[in-house]
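Residue numbers (UniProt numbering): 1 to 111.
For glycine and all other residues, C-beta sits at the position ideal for the given N, C-alpha and C.
Note that this is a predicted model, so its numbers are computed, not measured.
So the structure is just underneath, and the comments pick up after that.
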């Protein structure tokens, strides 16, 4: 019996999300005190994970204002300090106009 793609898609999506979550957790490790740039960070899924792992600050840059807005709303519900900063920007262009860390970052995440 052949299964249709629609019947397996939710399960595959769930598995992919679980694998990505585990890979990101492993890749980030202990972020205590680190400054992180999340390019193409959208709603900040990885940024929140970095903050949870101890990051001092995470700058999220994404081209989609609506994705950033969703992230800001989610972060606002968590009621914690402004550890995530949100910036509209195109990763294919210079970030000169953005108020990013002048001294650079300890980790850069690119999606």
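- Here residue 37 is bridged, per DSSP, to 59, 108.
- For residue 80, the three-state secondary structure derived from DSSP is coil.
- Residue 97 carries a coil assignment under DSSP once its states are collapsed to helix, strand and coil.
- Judged by DSSP secondary structure, residue 53 falls outside any alpha helix (DSSP H); it is assigned neither H nor E.
- With contacts defined as CB atoms closer than 7 Å, residue 59 and residue 37 qualify as a contacting pair.
- The C-alpha of residue 17 is placed about 33 Å away from the C-alpha of residue 96.
- Sequence-distant Cβ neighbours of residue 101 in its own chain, meaning closer than 6 Å and more than five residues away, are 35.
- If you check the CB distance, residue 40 and residue 103 do not come in under 7 Å.
- In this structure, residue 21 keeps its C-beta atom at 7 Å or more from the C-beta atom of residue 42.
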